[in-house]
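Numbering follows the numbering used here, in which position 69 of the sequence shown is assigned residue number 74; successive positions increment by one, without gaps.
We put the CB at the ideal spot given by N, CA and C, even for glycine.
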Amino acid sequence: MEAKAIHLASLKDVPVNSLKGYFGHTLGAAGILESIVTMHSMKDNRIIPTKGFSTPGTEKPVNVIKELKQARLGKCLKTASGFGGCNAAIVLVHEE
Numbered sequence: 006m007e008a009k010a011i012h013l014a015s016l017k018d019v020p021v022n023s024l025k026g027y028f029g030h031t032l033g034a035a036g037i038l039e040s041i042v043t044m045h046s047m048k049d050n051r052i053i054p055t056k057g058f059s060t061p062g063t064e065k066p067v068n069v070i071k072e073l074k075q076a077r078l079g080k081c082l083k084t085a086s087g088f089g090g091c092n093a094a095i096v097l098v099h100e101e
């Protein structure tokens, strides 16, 4: 569903990643933990790769980052798709 939403929003070429491979499934803490890592990533202008990713399991194309990349990150969309339909999204903005 996340890949479909990314595709429908015309964001298929925007870099995406998943951080869950680094620290496992932290249930309720996942959103805040990933938000903190994302804020540091933006501050350092680094896009963190998706650990363990090899083959997409989606019908719609997404630009999953496989290697650490340097890029100016002014805005990041953080999504959280949880159990039982508990879903949220925030946009983080980094201004220098």
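- Per DSSP, the continuous alpha helix (DSSP H) segment holding K48 begins and ends at 35–49.
- In the three-state scheme derived from DSSP, where H, G and I count as helix and E and B as strand, A93 is classed as strand.
- The DSSP-derived three-state label of I11 is helix.
- According to the DSSP assignment, K25 belongs to the alpha helix (DSSP H) that extends over 25–28.
- The beta carbons of A8 and K74 sit no closer together than 8 Å.
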